[in-house]
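**Student:**
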Amino acid sequence: MTKTGFVIANLFRKKTRTILTLLSVIMAFLLFGLLQSVNHIFDAGADFIGATRLVTQARVSFTQPIPLSMQPKLEAVPGVARVAHMQWFGGVWQENTPLFVFAVDPVRQHEVYPEWVMPDAQWKAFANTRTAMIAGRNVANQYGWKIGQKIPIRSNIYPQKNGSKAWAFDLVGIYDGSDENWQKQTNTVFISHYYFDEANQFSSGRTNFFMLKLAPGADGAKISATVDKMFENSPDETKTQTEKDFNVGFIKQIGDIGMIVRWILFAVFFTLLLVVGNTMAQSVRERIPELAVLKTLGFSDGSVLGFVLAEAVALCLFGGVVGMSIATLFGALISKGTGGQFALSVNGWVWTTGLIAIVLMSLAVGLLPALRARRLKIVDALAGR
Amino acid sequence: MLSQITAITGLNLKSIPERWASSLVIVVGLAGVVAVFTALLAMATGFEKTLAATGSTDNAIILRGGSDAELNSGLSRDSATLIKQAAGIRRGADGKPLASGEMIVIAELVRQGDEKNGANITVRGVEPNAFALRPQLKIVAGRQFRTGLRELIVGRGVTRQFQGAELGKTLRMRGSDWTVVGIFESGDAYDSELWTDAEVAQTTFNRGGYSSVLVGLDGANGLKTLQDTLKTDPRLSVDVKNQQEYFSGQTKNFRKQIGFLAGVVTFIMALGAIFAALNTMYAAVATRAKEIATLRAIGFGGFPVLVSVMIESLVLAFVGGALGAVIAYLLFNNFSVSTLGENFTQVVFAFKVTPPLVVTGLVIALVIGFFGGLLPAWRAARMPVTTALRAA
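So the sequences go chain by chain: A and B.
Residue 219 is where the first sequence starts when you use the numbering used here, and the numbers rise one by one after that.
Residue -15 is where the second sequence starts when you use the numbering used here, and the numbers rise one by one after that.
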């Protein structure tokens, strides 16, 4: 019998026990994978965004609109290549589903955001149709929208001039993301700012954000400072930060959920440690005479320690990998089921932390029983002392 | 039969200390499940309580039609004046209608311990009647703001969780400096806000009107009268809601999300705990196989053996569940956190570990204990006496 075979045979000497322990480990790592990917959303949700753009908003808060007349001033700042702007529309789909709808300048949006990919004809249609809207692939799929349809959207903020809050837009394009990360972000609807600005009842010549595309090699920190200095002590003071910082800040608004998730992970792990640790301790206790025989046959203290540790590693590794795999599958299903709105992805980073957890856990539960096996005195063990 | 059950159960329970290590697995496993479950739902409960306490049934809030939250709402000065004159509004001590036109804007403050990312905080401009309409609100430090000056009073929750809102500090908003002159406490969602004079807020933020009007209701039929008056006025397009109804409507999404999270996490953890419990009970049965067989041989029935194993499992589960609830209580009860509310601003609230939550947690623990004990108990009861006696 090979050494590997020996370890496996030992693992399955009490089948029920091993299978039940494995199932516990699988459940724990399933939870670990899912929670850790939620955690990841809060910790580093904006990693894929490069530092090529800055976001300028009102200093007091981004809900406070700022005048569009800032745009030429912003574009004149050295190092700024192009400026786009976005205004929150307060969109509501059907009864009560909030929708991410922003009023933008179609041409500027296209120039500043090369990450949104759409055929040229559709960009043209967006720029040339007064009542145009374009939708991200995810949101279009979720609601089954087709190009050419008229889409009714309510706004819970802006009534039209006639007082009605029911708006309708012509869907002229569906955009994709330039890579996998951006594809996940295609949950937004863009409408033409020109139409919005003249048709709504009380907001005119204002927007919520400016997005500043930087020229190659420009110093983002310096430009931020220049912009904010420019509007200091005016009624519309600004706050300019990188797009990444902006997104991280936005996610953090949700608050202390990340901390709660970490607490749960801690509880899960502590519980698991005890379950598996107990199984290992029990299995070594039962086998003391056998281990003594192994030593009598000439196996070194080190290899006996190795056998026991290998069992712990095998148990944790197998259970961990299966659990993480199920989590990956679940994450993909949830992501798909919510049309990408809740992009739960058990990605490389989550797997890496999972593997680290597996290693730590194997050591935590295997080391004590293994050391006990190593220290066994043959005579005492055989005598049952 | 009953005496047999009592005898075997007593035997089982008394021997637990001798095999505490494996029994501990059930206890700790279930403590984990119940602690997580209780903590998550305590969070939802705390949020709900904070918002429910905010609304008084004696008040009504008037928003622009279809806007759902104050942030999206807006009423012109004229509309607000019309609303304040409507029938159904209680009169104050001065004989005038008890109504407060209020305007909210959002300001960014930085969380304690954070460096750059701001969180949205509600700044509420109020009229003098606002305080009469919210008798629960008390100034606990400093003083009331003076009308016409850029002075703020700050909710207790905000001073605790965010930087820059301490007494005497100056906040900069829209090119002007605001002094924090007082701290108030109301035990509800207003604790997460900054308050100032409505007129000052309107001029500084360049707004003509209000976000909402809060009014006192005149008697039991006040709401109905007010709704009828305002709905039939062709000059107005507004929603009239009972203040309590308005705030409880705002907790719906949060409750749904936390409920979902609690459900998924508890379900997966519970499965894990059932496997752990099964393991432990199987081991408990196996180590005592001989003992059980001896009992059977001297005339004890299979059923009492089954019941006794189930009872042991349930007792361990109960102890675990209780431990979990205690842990959740000690760690999280009144633990203050904040999250995003419907107005897109932070709501500071505290976890509430309530008795019904603890009871639900214990029930879950017992259910897990039941399933964890069932199979091993079945096995113990059916074990052939001769085989068991010969074993080991």
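Each residue gets a CB set at the ideal place from its N, CA and C atoms; glycine is no exception.
Quick check on DSSP: helix, strand or coil for B:G243?
**Tutor:** Here residue 243 of chain B refers to the residue found at position 259 of the second sequence. Note: B:G243 maps to helix in three-state DSSP.
**Student:** Select from the region 490 to 521 of chain A all residues with a C-beta closer than 8 Å to any C-beta belonging to chain B, and list them in chain order.
**Tutor:** L490, L492, V493, N496, T497, A499 and Q500
**Student:** So with Cβ pairs under 7 Å, would you call A:L241 a contact of chain B?
**Tutor:** Counting from one through the first sequence, the residue named residue 241 of chain A turns up at place 23. Interface residue, yes.
**Student:** Which whole-angstrom value is the C-beta distance of B:G417 and B:V12, which I expect to be below 8 Å?
**Tutor:** Given that chain B is displayed from residue -15 to residue 376, the structure contains no residue 417 of chain B and the question cannot be resolved.
**Student:** The ligand NAD heavy atoms versus the CB of A:K431: any closer than 6 Å?
**Tutor:** In terms of ligand content, the structure shown is empty, and the ligand NAD therefore cannot be addressed.
**Student:** Can you list the alpha helix (DSSP H) stretches of 4 or more residues lying completely in the region 85 to 139 of chain B, in chain order?
**Tutor:** 113 to 117
**Student:** Measure the Cβ-Cβ separation of B:I258 and B:G193 and say whether it is below 7 Å.
**Tutor:** Within the second sequence, numbered from 1, the residue matching residue 258 of chain B stands at position 274. Within the second sequence, numbered from 1, the residue matching residue 193 of chain B stands at position 209. The answer is no: Cβ separation not under 7 Å.
**Student:** Do A:G391 and A:Q340 count as a contact pair if the criterion is CB distance below 7 Å?
**Tutor:** Here residue 340 of chain A refers to the residue found at position 122 when the first sequence is read from its first residue. Here residue 391 of chain A refers to the residue found at position 173 when the first sequence is read from its first residue. Against a cut-off of 7 Å, the Cβ pair of A:G391 and A:Q340 comes out as a contact.
**Student:** Does the Cβ of B:M253 have 16 or more other Cβ atoms within 10 Å, making it buried, or fewer, making it exposed?
**Tutor:** By one-based count along the second sequence, residue 253 of chain B stands at place 269. With 16 or more other Cβ atoms within 10 Å, it is buried.
**Student:** Exposed or buried, which one is B:I167 when buried takes at least 16 other CB atoms within 10 Å?
**Tutor:** Here residue 167 of chain B refers to the residue found at position 183 when the second sequence is read from its first residue. Residue environment: B:I167 is assigned as buried (16 or more neighbouring CB atoms within 10 Å of its CB, all protein chains considered).
**Student:** Check whether chain A comes within 7 Å of B:V303, counting only Cβ atoms and requiring the distance to be less than that.
**Tutor:** For the purposes of this step, residue 303 of chain B is taken as the residue at position 319 of the second sequence. Not one chain A Cβ lies under 7 Å of B:V303.
**Student:** Once DSSP output is grouped into helix, strand and coil, what is the label at B:E2?
**Tutor:** If you number the second sequence from 1, residue 2 of chain B lands on position 18. Under the three-state reduction of DSSP, B:E2 is assigned to helix.
**Student:** Below 8 Å, can you find three or more Cβ-Cβ pairs linking the region 224 to 232 of chain B to the region 84 to 101 of chain B?
**Tutor:** no
**Student:** Within the continuous beta strand (DSSP E) that includes A:F230, where are the two ends?
**Tutor:** Position 12 of the first sequence, counted from the start, is the residue given in the question as residue 230 of chain A. Taken as a continuous stretch (DSSP letters only), A:F230 belongs to no beta strand (DSSP E), as it is neither H nor E.
**Student:** Using only alpha-carbon positions, find the residue among A:A485, A:I409, A:G395 and A:S373 that is nearest to A:L389.
**Tutor:** As a first step, residue 389 of chain A must be located in the first sequence, where it is residue number 171. Here the closest residue by C-alpha is A:I409.
**Student:** Does the contact criterion of 3 or more C-beta pairs under 8 Å hold for the region 164 to 184 of chain B versus the region 136 to 151 of chain B?
**Tutor:** yes
**Student:** Among residues of its own chain, excluding the 5 on either side of B:A260, which ones have a beta-carbon nearer than 6 Å to its beta-carbon?
**Tutor:** Stepping through the second sequence from its first residue, residue 260 of chain B is reached at position 276. Excluding residues within five positions, the ones whose Cβ falls inside 6 Å are V9 and G13.
**Student:** Give, in chain order, every residue of the region 71 to 83 of chain B whose Cβ lies closer than 7 Å to some Cβ of chain A.
**Tutor:** none
**Student:** Against B:F238, what residues of chain A qualify as contacts under a CB-to-CB distance less than 9 Å, listed in chain order?
**Tutor:** To locate residue 238 of chain B, count along the second sequence from 1; it is residue 254. What B:F238 touches in chain A: nothing, since even the nearest Cβ is about 11 Å away.
**Student:** Is the beta carbon of A:Q289 closer than 7 Å to that of A:V301?
**Tutor:** Residue mapping note: residue 301 of chain A aligns to position 83 of the first sequence, counting from 1. Residue mapping note: residue 289 of chain A aligns to position 71 of the first sequence, counting from 1. Result yes, Cβ atoms of A:V301 and A:Q289 sit closer than 7 Å.
**Student:** The beta strand (DSSP E) spanning B:A44 covers which residue range?
**Tutor:** Counted from its first residue, the second sequence places residue 44 of chain B at position 60. It spans N43 to R48 - the beta strand (DSSP E) in which B:A44 sits, taken as one unbroken run.
**Student:** Relative to the C-alpha of A:A353, which candidate in A:P587, A:T444, A:V319 and A:V568 has its C-alpha closest?
**Tutor:** In the first sequence, counting from the first residue as 1, residue 353 of chain A sits at position 135. Comparing Cα-Cα distances from A:A353 to each of A:P587, A:T444, A:V319 and A:V568, the minimum goes to A:V319.
**Student:** Just verifying my parser: in three-state terms, what is the DSSP assignment at B:S320?
**Tutor:** Locating residue 320 of chain B in the second sequence gives position 336, where the first residue counts as 1. Three-state result, B:S320: strand.
**Student:** Which first and last residues belong to the beta strand (DSSP E) in which A:A322 is found?
**Tutor:** Sequence index remark: in the first sequence, residue 322 of chain A carries index 104 (1-based). Correcting the residue identity first, residue 322 of chain A is Val in this sequence and not Ala. DSSP places A:V322 inside the beta strand (DSSP E), whose first and last residues are T315 to V322.
**Student:** Where does A:W567 fall in DSSP's three states?
**Tutor:** If you number the first sequence from 1, residue 567 of chain A lands on position 349. In the three-state reduction of the DSSP assignment, A:W567 falls in the helix class, which pools H, G and I.
**Student:** Could you pull the start and end residues of the beta strand (DSSP E) that A:G305 belongs to?
**Tutor:** Residue mapping note: residue 305 of chain A aligns to position 87 of the first sequence, counting from 1. Looking at the sequence itself, residue 305 of chain A is Gln, so the reference to Gly does not match. From DSSP, the beta strand (DSSP E) with A:Q305 extends over V298 to W306.
**Student:** What's the gap between the Cα of A:L253 and the Cα of B:V20?
**Tutor:** In the first sequence, the residue the question calls residue 253 of chain A occupies position 35. In the second sequence, the residue the question calls residue 20 of chain B occupies position 36. For A:L253 and B:V20, the distance between alpha carbons rounds to 13 Å.
**Student:** Going along chain B, which residues have a C-beta under 8 Å from A:K554?
**Tutor:** If you number the first sequence from 1, residue 554 of chain A lands on position 336. Going along chain B, no residue has its Cβ under 8 Å from A:K554, so there is no contact; the nearest lies around 17 Å.
**Student:** Please confirm whether B:F146 has its beta-carbon closer than 7 Å to some beta-carbon of chain A.
**Tutor:** As a first step, residue 146 of chain B is located in the second sequence; it is residue number 162 there, counting from the start. It does not: the Cβ of B:F146 has no partner Cβ on chain A nearer than 7 Å.
**Student:** Against chain B, which members of the region 267 to 284 of chain A pass a CB distance test of less than 7 Å?
**Tutor:** V278, S279, T281 and Q282
**Student:** Evaluate the contact criterion for the region 171 to 189 of chain B versus the region 84 to 94 of chain B: three or more CB pairs, one atom per stretch, below 8 Å.
**Tutor:** yes
**Student:** So which residues on chain B does A:I249 lean against when the C-beta distance must stay under 8 Å?
**Tutor:** Translated into the one-based positions of the first sequence, residue 249 of chain A becomes position 31. Sequence inspection shows Leu at residue 249 of chain A; the Ile mentioned does not correspond to that position. What A:L249 touches in chain B: V249, I252, M253 and G256.
**Student:** With a 10 Å radius around its C-beta and 16 neighbouring C-beta atoms as the bar for buried, classify B:A203 as buried or exposed.
**Tutor:** As a working mapping, residue 203 of chain B is identified with position 219 in the second sequence. In the sequence on display, residue 203 of chain B carries Gly and not Ala. By the neighbour-count rule (16 or more Cβ atoms within 10 Å), B:G203 is not buried but exposed.
**Student:** Considering only their Cβ atoms, is the gap separating B:T131 from B:S160 smaller than 7 Å?
**Tutor:** For the purposes of this step, residue 160 of chain B is taken as residue 176 along the second sequence, with counting starting at 1. For the purposes of this step, residue 131 of chain B is taken as residue 147 along the second sequence, with counting starting at 1. Not a contact, by the Cβ cut-off of 7 Å.
**Student:** Which word fits B:V343, buried or exposed, when buried means at least 16 other C-beta atoms lie within 10 angstroms of its C-beta?
**Tutor:** Within the second sequence, the letter at position 359 stands for residue 343 of chain B. Per the 10 Å Cβ criterion, exposed.
**Student:** Rounded C-beta distance between B:F335 and B:A53? I'm assuming under 8 Å.
**Tutor:** The sequence position of residue 335 of chain B within the second sequence is 351, counting from 1. The sequence position of residue 53 of chain B within the second sequence is 69, counting from 1. Their Cβ separation, rounded to whole angstroms, is 24 Å, which puts B:F335 and B:A53 out of contact at 8 Å.
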